[in-house]
Amino acid sequence: MEHLVLPNSGLTRDDEGSKLGMWLFLYTEVLLFGGLFIVYTMYRYLYPDSFLQGSYHLSIPIGTINTIVLLTSSLTVAMGITALQKGNNKLAVWLMVATMFFALVFMVNKYFEWSAKIEHGLFPGMDAYMQLPRGETLFFFLYFFMTGLHALHIVVGAVLIGVVTMEIKNGKQSSTNFAFTENAGLYWHLVDLIWIFLFPLFYLIH
Amino acid sequence: MNSPASNFVEGVDFSLWFILGISTFFLVGITAVMIYFVIKYRRSKNPKATNIEGSNLAEITWTVIPTILVLFMFWYGWTGYEPMLKAPEGAIEIEAHGQMWSWWFVYPNGKRSDSLVIPIDKPVKLNLVSHDVIHSLYIPAFRVKQDLMPGKDNWMWFEGKRLGSYDIYCAEYCGERHSYMLSKVNVMPEADYEKWFNEKTTAPADEHPGLTVLKTNGCLACHSLDGSKLVGPSFKGLWGKTETVLTDGNERECEVDENYIRESVFEPNKDVVKGFGKGLMISYKETLGEKEIQDIIGYFKTLK
Amino acid sequence: MTEEITGHKNFFEEKKGLASWIFTTDHKRIALLYLYSIGFFFLAAVFLGFLLRLELIAPGKTIMEPQTYNQIFTLHGVIMIFLFIIPGIPAIFGNFFIPIIIGTDDVAFPRINLVSWYLYMTGAFLALGTLFFGEGPADTGWTFYAPYSVKTGTNVSMSVLAAFILGFSSILTGLNFIVTIHRLRASGMTWFRMPLMAWSTYATSWIQILATPIVGITLLMIVAERSFGIGLFDPSLGGDPILYQHLFWIYSHPAVYVMILPAMGVISEIIPTFAHRTIFGYKAIAMSSMAIAFTGYFVWAHHMFTTGLSSTAALIFSLATFFVAIPTAIKIFNWVATLYKGSIDVKPPLLYAMAFVFLFLIGGLTGLVNGAIAADIHVHDTTFIVGHFHYTMFGGVGIVFFGAMHYWFPKIWGKMYNFKIANIAFALIFIGFNALYFPMLISGLQGLPRRYYDYPAEFQLTNVISTVGSWILIVGMILMIYNFFRAKKRGEKAPRNPWGGLGLEWQTPSPPPLHNFDKMPELVEGGPYNYKDNY
Ligand code: HEA
Ligand code: HEA
Ligand code: CUA
Ligand SMILES: [Cu+2]
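Here it is, written out as structure tokens:
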């Protein structure tokens, strides 16, 4: 049956609309972490010494490497989008694969970092953790909770970029239709941005 | 009407009735106008409507008038509250303790009581101590209420202005027997208060010292003496019995002996009797000494 | 009347079968999916409310143990808040009508819309799942205050997780509406020609997006705290229970406006339709929605006056609370003024709108009592608060929900219900409602705390009246629901525009075709409620 098609149909493609949606979603993500930053700030204020002690347990080199890795991945994803817009799909695919590779590097690093802590029994509920003074337990809890939540976002972002890569390969995303790629890129920048906050808060402030 | 029961009644009630008065006026007024319009302009009477898009004058009027009114409401709410913020110098300081689900009060001379006794016309400051979760000490007749925040030094003050005995409720939800967390405040003439204050023992002379310990520490809010099941196991027939307990999720059998009792009091959440909730009882390691434990055990032996 | 006999199939007839419903991306079908699921959970919670009232008919034990009572009022509150009243109007009537009244054929992200429903169902099953898993439903109250919520043995984690997932669903719905309203308005429908229902949904969506993530993360922290014993909010481990309350109310206060704003939008549709005249003060109503959404962020600590808040904070939050009342007052005055010199059809939807004004006035005005610090010290955590929030939530939002059902029923199903039964049901609901909740205001002023399983004998009279009120209310409700089912089965066929409304939804057949319109929708000249003399 024929249907009336309205000029302002919700069923047709609307790149501007999906970008607006993505921005709004990113905003909620910022607020999600915002809640945690409030808690962090409050306990840092209450237990400045313990937080200091806690931060000495974290390895600045690993944190720095991961920061560089993420910043580079933000660069590759941005370059990938530009390549796609210019019609260079092949390069775009490679840049996206590079981004996912960096995500993997980040996660592997994270894995070693976490398992070292867990070996020392610093995971919430473990023995060494229970022996820590009050403020430090909060520090480690927040450390695991916030970097864990962030790592989850890395995984989601990497999967998204994987999907984008497939779509570029089979032509669904192209120089005339790149809204999805752009949105995945935005998401990835957000993940990066959050790390830029987490890194100094947990590793650097001494 | 009775004279106010505390020094805060007037301030609180004034703000309350001031707001309720204005509210009633608006409620009745708006409802009446609405019904009047609906009747007057009903279809059969007024088949043709007049379109009026709005009026700036009207909008301003009904923005400004309510704004002025709420500022007054705010002001009386504040002035009724402000005196509660500063306890006068020299107020009698009493500790008010709350714990699931009982109250007790500790006086400057160390005297303990499960109800609050205060002299009339004298400022009293309660330092609020919670031993587990949040409770809230509420005396409706005095119009006062303040939360007992674990880990935080909250306090409240008031002056009893009328002789008599008034209810104390726990107003913050605190678990199973929240509605049974009750006590009384007795406002006495000063002389009677002095006499009460200086009396040595609160317990009747023939009371078993173990029972006194149980009473003053709030144990009986959760454990019955007659075999009925409350939040914790009953004390009746407990001594010498074999209990099935859960230790870290594993069931095992345990005889109730001296050690068992001591452990249950000091580390209540280590072995939890099957069928009862974990995490509900606090440790009494800091509160009870060896003598009290022995008193309790002595008392249990009498509860066959 | 010839226009009704077009060859179009309506959206019910377009496709059949279960799969055509549970995999649909049509906003109208998703709306109905929501209606049936929300309606079901609502009835479950109503039944729990009924049990609460039975228990309270006499002091001491009547039908259940204290622990059961505590679990029931928590589950009642959780279902009512997270499963009924927050999603209620936006997810059902917003989903169905927002695209139609702005003249488009679907929401901006139809698939995400369906995902929201699945998230909603997941959350709902988790919430109800607490009945069957672990140590039973949470017994903390819907506020989950720490440290009690960390200590209790009941299944708090699952309830809290449910609330988290429901929050996610609510964020996606809000996001969808914002983009829809920004991008898909019919040409010529400028912001100030948008129906007020769209305005209030727009304001609501912003609150959902801005406040929900905070409570989401807070609730996750409760789960973590229970699983690992961290002590974030447990003072015996160095945490701060007051921090929890701040984080909770930063969301949950704005959430009360998430509940009420869509209801106000519906009222702004119903009143001009039945008065057959332009709404009074369109801009004032539209802008006051945004003002409520904005101011609503700065009042959260009025739930915490007795926690030992600093005096400056108490002062500021009390003052802000009073300011948030002003935009609401403006709306009420404008609605009443809309009746002035109208040509008023007293039909069931209008009766509900009038009941709303009266009941919500009581709810709002008792809110002013709570906002005054001195008065709140006395009434905080008493049944006065219980009265306040049932008057605002049930008397405000719930009643409008029923009004909306009566208003749009003919459009959704294309059938007309029986007015006489509707009026009788309305009368019973109105009487029962007041008998149920007004006594709570009185016993609250006398000092009866809330969440009390047992109470001193002097409070029995008010409690008995309440309980009897709940019976009257329930009879009225059953009659109302019966009337709907009856109409669906054998009601008369409803025309396109049974009420003479001007919204775009009345220009399309009842029920609407799959893509909403069978001819280009025509905007009313001037404003959205510009009644011409032709009706
Ligand atoms: C739909 C939900 C809803 C709505 C709309 C409101 C609206 C308001 N609420 Fe309510 N509230 C709740 C739901 C809601 N509330 C819930 C669920 C709780 C309890 C949570 C819990 O603890 O479980 C609560 C608790 C609550 C408290 C905490 C009480 C306590 O625990 O001690 C306070 C305190 O200030 C408050 C205030 C207000 C105010 C000032 C408004 C205002 O927005 C009302 C504005 C409306 C009017 C004022 C009426 C119209 C005015 C006129 C016609 C003009 C005449 C008036 C003037 C002179 C100004 N509410
Ligand atoms: C929208 C919110 C809402 C609604 C509608 C209700 C409805 C009811 N509530 Fe509500 N209640 C809450 C939200 C709500 N409640 C909240 C948030 C709390 C606080 C919990 C806490 O403290 O943590 C609470 C607490 C609460 C208490 C206080 C418990 C205590 O503090 O000790 C009581 C006691 O009487 C009570 C009673 C009732 C009753 C009898 C009903 C109703 O059952 C009245 C009868 C209603 C009906 C019979 C309606 C039937 C309607 C239909 C069948 C229509 C369906 C139609 C379609 C879908 C088409 N409730
Ligand atoms: Cu203690 Cu409620
Ligand atoms: Cu509020």
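Residue numbers (our numbering), protein chains in the order written: chain A, 1227 to 1432; chain B, 790 to 1093; chain C, -6 to 528.
Idealized CB from N, CA, C, for every residue including glycine.
Q.
So B/Tyr865 contacts chain C; which residues on that side make the cut at Cβ distance below 8 Å?
A. Ala365 and Ala367
Q: Quick one: list the residues of chain C neighbouring B/Gln888, beta-carbon separation under 7 Å, in chain order.
A: None at all; the shortest Cβ gap to chain C is about 12 Å.
Q) Which two residues bound the contiguous beta strand (DSSP E) that contains B/Ile957? A) Gly953 to Cys959
Q) Mapping DSSP to helix, strand and coil, what is B/Cys1008? A) helix
Q.
Spatial neighbours of C/Thr455 within its chain, please: C-beta separation below 6 Å, excluding the five flanking residues on both sides.
A. Pro432, Ile435 and Ser436
Q: Determine the direct distance from the alpha carbon of B/Asn975 to that of B/Phe1065, and round the result to whole angstroms.
A: 36 Å
Q) Do you know whose CA, among C/His175, C/Phe40 and C/Gly222, lies nearest C/Ile65's CA? A) C/Phe40
**Q.** For C/Leu507 and C/Ile94, believed in contact at Cβ under 8 Å, the rounded distance
**A.** No, C/Ile94 and C/Leu507 are not in contact; Cβ-Cβ is about 17 Å, not under 8 Å.
Q. Residue range of the beta strand (DSSP E) that B/Val817 falls in?
A. No beta strand (DSSP E) holds B/Val817; the alpha helix (DSSP H) holding it covers Val798 to Lys829.
Q) Cβ of C/Thr300 less than 8 Å from any chain A Cβ? A) no
Q: Identify every residue that forms a DSSP beta bridge with B/Trp893.
A: B/His886
(Q) When you compare the CB positions of A/Leu1310 and A/Phe1406, do they come within less than 8 Å of one another, or not? (A) no
**Q.** alpha helix (DSSP H) segment containing A/Met1305, residue limits
**A.** Ile1286 to Gln1311
Q: Check each candidate in B/Ile808, B/Ser954 and B/Tyr870 and name the one with the smallest Cα separation from C/Ile370.
A: B/Tyr870
Q | Cutoff 8 Å: C/Lys512 Cβ touching any chain B Cβ | A | no
Q: Return the first residue and the last residue of the beta strand (DSSP E) that A/Asn1335 is part of.
A: Not the beta strand (DSSP E): A/Asn1335 falls in the alpha helix (DSSP H), residues Asn1315 to Glu1345.
Q: For B/Pro1022, count neighbouring C-beta atoms within 10 Å of its own C-beta (all shown protein chains included) and say buried if the count is 16 or more, exposed if not.
A: buried
Q. In this structure, does DSSP put B/Arg901 in helix, strand or coil?
A. strand
Q: Starting from B/Asn1096, trace the beta strand (DSSP E) both ways and give me its first and last residue.
A: Given a span of 790 to 1093 for chain B in the structure shown, any question on residue 1096 of chain B remains unanswerable.
Q) Do you know offhand how far B/Asn1039's Cα is from C/Leu47's? A) 39 Å
Q) Quick one: is C/Leu154 near chain A, going by C-beta distance under 8 Å? A) no
**Q.** 9 Å Cβ cut-off: residues of chain C touching B/Gln935
**A.** Thr299, Thr300, Gly301 and Ile370
Q) Which residues bound the alpha helix (DSSP H) around C/Leu343? A) Pro341 to Gly364
Q: Consult DSSP for C/Trp135 and reduce its assignment to one of helix, strand or coil.
A: coil
Q) Just how far apart, CA to CA, sit C/Ser109 and A/Ser1244? A) 17 Å
Q) Comparing the CB of B/Ile907 with every heavy atom of ligand 2, is any distance shorter than 7 Å? A) no
Q.
Distance cutoff 8 Å, beta carbons only. Does A/Leu1262 sit that close to anything in chain C?
A. yes
Q. Alpha helix (DSSP H) containing B/Gln935: first to last residue?
A. It is not in any alpha helix (DSSP H) - B/Gln935 instead sits in the beta strand (DSSP E) that spans Val933 to Leu937.
Q.
Going by the DSSP bridge assignment, what does B/Gly949 pair with across the sheet?
A. B/Ser795
(Q) Considering only heavy atoms of ligand 2, does any lie closer than 7 Å to the CB of C/His269? (A) no
Q. Listed from N- to C-terminal order along the chain, which residues in the stretch 1242 to 1256 of chain A have their beta-carbon within a distance smaller than 9 Å of any beta-carbon of chain F?
A. Checking the listed chains, one finds no chain F in this structure; the protein chains it contains are A, B and C.
Q: Give the residues from the stretch 1030 to 1057 of chain B that approach chain C closer than 7 Å (Cβ to any Cβ), ordered along the chain.
A: none
(Q) Taking 8 Å as the threshold (beta carbon to beta carbon), is A/Asn1403 in contact with chain C? (A) no
(Q) Buried or exposed, going by whether 16 or more other CB atoms sit within 10 Å of the CB of C/Val71? (A) buried
Q: Say whether chain B places a C-beta atom closer than 8 Å to the C-beta of C/Asn527.
A: Note that C/Asn527 scores 45 on pLDDT, short of 50, meaning its location in the model is unreliable and no value can be drawn from it.
Q.
Is C/His399 a contact residue of ligand 2, with contact defined as CB to any heavy atom under 7 Å?
A. no
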